[in-house]
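Numbering (the numbering used here), first residue to last: 58 to 509. All C-beta atoms in this analysis are idealised placements derived from N, C-alpha and C, irrespective of residue type, glycine included. Data block below; observations after.
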Ligand code: TRP
């Protein structure tokens, strides 16, 4: 067992390989797959966007996920500690610090949206959601999120469940719950897609997802969104996989497990698209309904379709579970860090950290109501946080990881540390980290700043 950084206790470890993959997929599959991926795809040309997205995953996302896991397993420490072990006194540590900070802020607003999902689940089960007039779902959603107390209550409930999972530890918390929730999620999304595909007119939705409009590839924004979405959906760029990698045994095969995770995440996003678009087209709704797709368009759809009273609650339960497993991974990053630095027990740290993050998230919730005057352009507080994290913190974090493993690490050592060896695959991975991934991120930045 590793005994670095003066740790006297053996570091926690995953119980089984399958358990780790469930936890990794649990982190990756989240609101990003069900709430974000379909509407971004809808707004950006359907299949053409998916093609670009797949390239981003392969050329940038997966290599960085592998790099994060390798850092964590080698150093056997948390986000910040790993850089201290591998590159003492160097500036690379910024990558770890950014990760812990990003964990705070992403989780703070993520839990707000997760809270909306839980509220919708509750009202769908109680039946009150279906009493709304079919033209009234937009109004209902707008009125609901503008309230002060109720959204905060549901946000806090999601947070409490997250704290409970993380407080249980690596094996008895993260691994155990993901092993239950991930198969449940897979079954639910497959059932939903199966149902959606049997509807009359479903073929149009399938065509929308799989027939690319190549003209869209001329629009630089498509690349920008695809890369941001790839980072967010894979949970990379904020040291989740450094932390998770530190609980891996030396014999586990990182490239295989990371590929399984990335494949699981991508397949899940596509099946979520197959659950949503065929139904949207079958009932003549608008596929590019923006962020309201899940909370405005779909409730109307469930109300209109046969079996919607069953499908609706199932969909929101899917959203809640997916969000919960991702939230646990977001909380684990700062918790692992503070456990080491403060030398305090996991349970206590999980409660305090979770509570602070909950408090930080409150303005994001109120930004749709009493704090509605705080805006940057047309962005609310939640949108601003989302924008800064997805477009700045995650890409910078990912770039630091890629450059660190690609350039600061001895080539011999890194290839054996990752378990790829000196073969084509190993060198491809290294070059993607050294050159391709950083250039992709750089391009996106320069574009953001209107320089290209
Ligand atoms: N990947 C999750 C989703 O798709 C969100 C998430 C969890 C995340 N952990 C992360 C995003 C770490 C960025 C970094 O919803």
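Excluding five sequence neighbours on each side, which residues of the same chain lie with their C-beta closer than 7 Å to the C-beta of residue 151? 457
Can you list the alpha helix (DSSP H) stretches of 4 or more residues lying completely in the region 329–361, in chain order? 354–361
Exposure of residue 89, with buried meaning 16 or more beta-carbon neighbours within 10 Å: buried
On the DSSP bridge list, what partners appear for residue 436? 433
When DSSP labels each residue in this structure, what does residue 164 get in the three-state scheme? helix
Buried or exposed (CB count within 10 angstroms, at least 16 for buried), residue 192: exposed
State yes or no: is the C-beta of residue 436 within less than 8 Å of the C-beta of residue 444? yes
Beta carbon of residue 168: closer than 7 Å to some heavy atom of the ligand TRP? no
Less than 7 Å between the CB of residue 85 and some heavy atom of the ligand TRP, yes or no? yes
Comparing C-alpha positions only, which one of 402, 422, 285 sits nearest to residue 497? 285
Which runs of the alpha helix (DSSP H), 4 residues or longer, sit entirely within the region 130–203? 136–143, 150–183, 194–203
When burial is assigned at 16 or more other CB atoms within 10 Å of the CB, is residue 257 buried or exposed? exposed
Just checking residue 88 against the ligand TRP - is the residue's beta carbon closer than 7 Å to any of the ligand's heavy atoms? yes
With a threshold of 7 Å, establish whether the CB of residue 295 neighbours any heavy atom of the ligand TRP. yes
If you count every other CB in all the chains shown that lies within 10 Å of the CB of residue 467, and 16 or more means buried, which is it? exposed
Among 139, 108, 121, 177, which has the Cα closest to the Cα of residue 349? 177
On the three-state DSSP scale, how would you describe residue 483? helix
Looking at residue 108 and residue 269, is the spacing between their C-beta atoms short of 8 Å? yes
In this structure, does DSSP put residue 284 in helix, strand or coil? helix
Between residue 500 and residue 279, is the Cβ-Cβ spacing less than 8 Å? no
Hey, how far is the Cα of residue 254 from the Cα of residue 375? 18 Å
Indicate whether the contact test is met: 3 or more Cβ pairs, each with one atom in the region 237–248 and one in the region 467–480, closer than 8 Å. no
For residue 99, collect the residues of the same chain with a Cβ closer than 6 Å to its Cβ; drop the 5 residues on either side in sequence, then sort them by chain order. 344, 345
In this structure, does DSSP put residue 276 in helix, strand or coil? coil
Would you say residue 238 touches the ligand TRP, meaning its beta carbon is less than 7 Å from a heavy atom? no
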